[in-house]
Each structure stands twice: as structure tokens, then as C-alpha cells.
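In what follows, a single structure is set out as C-alpha cells and then discussed.
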Amino acid sequence: MSSNSEFNENSKNITVKKTTFNLLIVGLIVIVGIAAFFAGSYVSNSNQITDEELEEAIAKLELKVLQNQLPTKQPSQQVKISADNDPIIGNPDAPITIIEFSDFQCPFCARFHTQTLPLILEQYIEQGKVKLVFRDFPIQSIHPNALPASVAAECANEQGKFREMHDILFDNQNQWNKQETVDALDLFSDYAMEIQLNQEIFDSCLTSGKYIEEIRKDLDDGRDYGVSGTPGFFVGNEKIGFVELKGAQPFDSFKKIIDAQLDA
Numbered sequence: 026m027s028s029n030s031e032f033n034e035n036s037k038n039i040t041v042k043k044t045t046f047n048l049l050i051v052g053l054i055v056i057v058g059i060a061a062f063f064a065g066s067y068v069s070n071s072n073q074i075t076d077e078e079l080e081e082a083i084a085k086l087e088l089k090v091l092q093n094q095l096p097t098k099q100p101s102q103q104v105k106i107s108a109d110n111d112p113i114i115g116n117p118d119a120p121i122t123i124i125e126f127s128d129f130q131c132p133f134c135a136r137f138h139t140q141t142l143p144l145i146l147e148q149y150i151e152q153g154k155v156k157l158v159f160r161d162f163p164i165q166s167i168h169p170n171a172l173p174a175s176v177a178a179e180c181a182n183e184q185g186k187f188r189e190m191h192d193i194l195f196d197n198q199n200q201w202n203k204q205e206t207v208d209a210l211d212l213f214s215d216y217a218m219e220i221q222l223n224q225e226i227f228d229s230c231l232t233s234g235k236y237i238e239e240i241r242k243d244l245d246d247g248r249d250y251g252v253s254g255t256p257g258f259f260v261g262n263e264k265i266g267f268v269e270l271k272g273a274q275p276f277d278s279f280k281k282i283i284d285a286q287l288d289a
């Protein structure tokens, strides 16, 4: 990955963007840092396996996750959850908060984004009744580009465009989710340009790793709250407490809990 041949336009006939060198550096930092970031959190097998075996293992794991996320009787117990200082979609003064623990590379999180969130936006968030707080829960052991995607979203939030980056990451998940991390970072830089961020500030933020600790805190908090898969939701507020909702549930499941919390 660090070979000079990657940067030789004549021999490779590749057009390299001005930002690619910096992105390659952060790619190295992210890849090396992942081991420390998740040390003791996830167990990986050091033996060599084929791509086919890896794909099969991931498919089985995600099927198990999906089965665990199928609609069940929702808990009625109220729990205390912190929204921290994470990005908000909607009116910050909305009476009810949905705290989402999510992974940008998770297919079920993308399903929530495309199928359920638009209805929540229309019926609750745009009406000022609900706000969505997005907290990062990158499951790096199976989604190697989830952490850098979270960094990209945090960097966009720094310029007041979290929602735009949030949307473009989920809308284009199939474009970057199976890329090498360095190539995914290059795409994130393209997305920043597309949503008209200040490119220099965004790339500097992305390469600095300044939000790694913030993301780690979200991950640790999620574990403390019992989050074991994504997406995971908590609906309520500090006064009445929060009700947990697991998985990419249909809109009706959210509606029942939101309405009950609004009436509480």
C-alpha cells in the first residue's frame, strides 16, 4: 500500500487527486490504529482464510444478527441514556429524542435509513416532535470501513453538514463498503466536495484522526447500555427515561413507542 508505484502516474496511468497522499497517510493510520482501538473488544482469527470463507462467515453472522433483530415484544422498562454531544437531526428542543447507535457500513442501518427514517422525518422530526441523535457504533471486526466513515461524518458535522454526509454515506453504501480503506477514504473526500464542504478543512480533519476518541466513547457507552448490534435505538428523554428498540424495525414499531413517549 505504501509502494511508490502507487503514485507513479506514468507507469500506472492513474490520475491521482491532490488529496490522495494525505488520504493514504490516514488510511495507514486508521488501519494500524484499528488494532489498538478495538484491542480486547473483538477477537479475530490470525490464521489465513480465503475470500470465499470470509464472505461466507460474514453472511452467516449478518443472518444471525438479522434473526436477532426480528420484531419482538418491545420492552416497557424505562432506562437512562445519554445523548452525549453527538450530531442531531431535527429541532434540538424537540420533546422526544431518538438516540441511534449505528454503523455506516451495516446493511440493516442502511435499511433503516432508506425505509423507516423518511417516515419518522415526515411525521415526527419535521413536525418538531422528535429529534434524532446519531451515535457511532462501528463494528470494525466485520465492517472495516465503518470507523473511517464515522470520522468522515464527524468531520462534516464540524462544518454543519452532518445530515448531508450521513445521507450520502448510506445512499452510496454499496459504492464504498467493499473498497480497500484507502479507496473508501478517497470516496469520502469526493462526497465532501459533492456536498460543498471546505475541502481543505475536511481533509485535514479526516487525516488528523481528531474524532477517534469521540467515536470510541460512543462505542463504550453503547456497550454499557447493552447495545450488541446495529442499529440500536433508545426513544424518550431524560425526564421520562428511554425505551429500547433493537434493529431495523418497521415504522409502526417506532410509531407505537414514540406516541407512547409523547403521551407520557
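According to this note's numbering, the sequence shown is numbered sequentially starting from 26.
Positions of the beta carbon are idealized from the N, C-alpha and C atoms, including for glycine.
Which of helix, strand or coil does DSSP assign to Asn311?
-> Residue numbering for the chain in the displayed model covers 26 to 289; residue 311 lies beyond these limits and cannot be assessed.
Under 8 Å between the Cβ atoms of Pro256 and Cys180?
-> Stepping through the sequence shown from its first residue, residue 256 is reached at position 231. Stepping through the sequence shown from its first residue, residue 180 is reached at position 155. No, these two residues do not count as a Cβ contact at 8 Å.
Would you report the Cα separation of Pro173 and Arg241, rounded to the nearest angstrom?
-> Taking the first residue of the sequence shown as position 1, residue 173 is located at position 148. Taking the first residue of the sequence shown as position 1, residue 241 is located at position 216. If you take the alpha carbons of Pro173 and Arg241, they lie about 12 Å apart.
Under a Cβ-count criterion, where at least 16 other Cβ atoms within 10 Å of its own Cβ denotes burial, should Lys264 be classed as buried or exposed?
-> Stepping through the sequence shown from its first residue, residue 264 is reached at position 239. Exposed: under 16 other Cβ atoms inside 10 Å.
Which one of Pro143, Ala171, Gln148, Lys154 has the shortest CA to CA distance from Ala209?
-> Here the question's residue 209 lines up with position 184 in the sequence shown. The shortest C-alpha separation from Ala209 is found at Ala171.
Could you pull the start and end residues of the beta strand (DSSP E) that Ile121 belongs to?
-> Counted from its first residue, the sequence shown places residue 121 at position 96. Its beta strand (DSSP E) spans residues 121-127.
How would you call Asp118, buried or exposed, if buried means at least 16 neighbouring beta carbons within 10 angstroms?
-> Here residue 118 corresponds to residue number 93 of the sequence shown, with the count starting at 1. Per the 10 Å Cβ criterion, exposed.
Identify the residues that DSSP records as bridge partners of Asp161: which are they?
-> The residue given as residue 161 occupies position 136 in the sequence shown. Beta-bridge pairing links Asp161 to Ser127.
Which one of Lys203, Gln221, Asp192 has the shortest CA to CA distance from Leu142?
-> Within the sequence shown, the letter at position 117 stands for residue 142. Nearest C-alpha to Leu142: Asp192.
What's the gap between the Cα of Cys230 and the Cα of Phe129?
-> In the sequence shown, the residue the question calls residue 230 occupies position 205. In the sequence shown, the residue the question calls residue 129 occupies position 104. Each residue's CA atom was taken as its position, placing Cys230 and Phe129 some 18 Å apart.
Where Ile220 and Met190 are concerned, what is the direct C-alpha to C-alpha distance, given to the nearest angstrom?
-> If you number the sequence shown from 1, residue 220 lands on position 195. If you number the sequence shown from 1, residue 190 lands on position 165. Near 7 Å, if we compare the C-alpha coordinates of Met190 and Ile220.
Roughly how many angstroms separate the alpha carbons of Ile164 and Leu287, rounded to a whole number?
-> Translated into the one-based positions of the sequence shown, residue 164 becomes position 139. Translated into the one-based positions of the sequence shown, residue 287 becomes position 262. In a straight line, the C-alpha of Ile164 is about 32 Å away from that of Leu287.
Check whether the region 137-151 touches the region 212-227, taking contact to mean three or more Cβ pairs, one atom from each stretch, closer than 8 Å.
-> no
Simplified DSSP assignment, three categories, for Lys271 = Reading the sequence shown from its first residue, position 246 is the one you call residue 271. Looking at Lys271 - three-state DSSP - the assignment turns out to be strand.
Considering only C-alpha positions, which residue in the set Val268, Ile226, Ser278, Asp243 is nearest to Ala289?
-> Counting from one through the sequence shown, the residue named residue 289 turns up at place 264. When each option's Cα is compared against that of Ala289, the closest is Val268.
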